[in-house]
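Residue numbers (the numbering used here): 11 to 319.
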């Protein structure tokens, strides 16, 4: 039976793309309208006008190259995995004609997917399919959420005061220090390709400056003598208020300062009358996960990250 592999032609074909389902379906129309997706990045495999597989890329800001592959789905019909892999091959050849390293793949999962047989089958099937293309599992992450009814975190007697970030050099220097001994898998991978100073500058320029929220929300926590202990970056992305980045410099880790930094970031966002605050950390970053739990954040889902590097 012939299978047709092609991108959708425009927003009018979103109902076709949504024949298979995933939680990000609700964001597709807005993402297309605002340029974070393009029709030529959303591909389907059609068998008798029925979608048996689909995939799609997303980017942070309109006009930029694909940042992640975040749709990769196939149904339960015979041979659907092979069809999905052929779709992946055709789509990547069209979207990345010059070759090179592909953007990472991410998949949001239920928080209990390891123990839920149905969810486990969905996740592991996609991991196995993409591993056959050369992708490797990089990390599993916790996605966290704070709700206003939980109250702004309290930390007892404060030891830190907070000041705004002075300028680029001010924060890049702290970012560089925080990367020493980092437990973040993405940062560890980047440190294999560049120095901590280079990575800090890249994160500042390509990530932090991209948030549309005010930069005067950013806070550095200091001791009484003005010594910086760490920083927190409360922000908004295109979907939610977030704790975009938080870190303690190596000399002051293990002393509970992370709780004060997280409380300050949450307090600042709560003052904007937000409906929620989102954050994420690696499963392996146990100290950070415990800090979020103490601050009243709960795990509402998980995230699988795979790379072709």
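Quick reminder that beta carbons are idealized off the backbone N, C-alpha and C, glycines included.
Just measuring C-alpha positions, the residue of 67, 283 and 97 sitting nearest residue 76 is 67. Under DSSP, no beta-bridge partner is assigned to residue 269. A straight-line Cα-Cα distance of about 33 angstroms links residue 282 and residue 207. For residue 198, same chain residues with a beta-carbon under 7 angstroms away, outside a window of 5 residues either side, are 192 in chain order. Three or more pairs of CB atoms, one per stretch, sit closer than 8 angstroms, so the region 52-61 contacts the region 12-22. DSSP places residue 291 in the uninterrupted beta strand (DSSP E) bounded by 287-292. DSSP places residue 171 inside the beta strand (DSSP E), whose first and last residues are 171-174. Sixteen is the threshold: since fewer than 16 other Cβ atoms of the shown chains lie within 10 Å of the Cβ of residue 204, the residue is exposed. If you draw a 10 Å sphere on the C-beta of residue 112, you find 16 or more other C-beta atoms in it, and that means buried. Contact holds between the region 230-239 and the region 170-177, because three or more Cβ pairs, one in each stretch, are under 8 angstroms apart. Beyond the five residues adjoining it in sequence on each side, residue 168 comes within less than 8 angstroms, by CB distance, of 270 in the same chain, given in chain order. For residue 255, the secondary structure class from DSSP, reduced to helix, strand or coil, is strand. It is roughly 15 angstroms from the alpha-carbon of residue 195 to the alpha-carbon of residue 256.
In the pairwise beta carbon analysis, the region 77-90 is classified as not touching the region 157-168: fewer than three pairs are separated by under 8 angstroms. DSSP lists 115 and 147 as the bridge partner or partners of residue 316. With 16 or more other Cβ atoms from the protein chains shown falling within 10 Å of its own Cβ, residue 276 counts as buried.
Taking each of 184, 43, 224 and 46 in turn and checking the Cα distance to residue 238, the smallest one comes out for 184.
As computed with DSSP, residue 82 is found in a beta bridge with 65. In this structure, residue 136 sits away from residue 98, with a CB-CB distance that is not shorter than 8 angstroms. When secondary structure is reduced to three states using DSSP, residue 137 falls in the helix class. Residue state for residue 42 is assigned as helix, using DSSP reduced to three classes.
When DSSP reads this structure, residue 232 sits in a beta bridge with 171 and 238.
The DSSP-derived three-state label of residue 262 is helix. With a cutoff of 8 angstroms on beta-carbon distance, residue 304 and residue 252 are scored as not near each other.
Excluding sequence positions up to five before and after residue 162, its CB lies within less than 8 angstroms of the CB of 273, 276, 277 and 280, all in the same chain and listed in chain order. As far as DSSP is concerned, residue 196 takes part in no beta bridge.
Judged by beta-carbon spacing, residue 119 lies beyond the 8 angstroms limit of residue 128, meaning their Cβ atoms are not closer than that value. By the Cβ neighbour-count rule, residue 259 is buried, with 16 or more other Cβ atoms within 10 Å of its own. In this structure residue 189 does not touch residue 317 by the C-beta definition: roughly 19 angstroms separates them, more than the 8 angstroms allowed. Nearest Cα to residue 319 within the set 100, 35 and 110: 110. DSSP, read as helix, strand or coil, puts residue 54 in strand.
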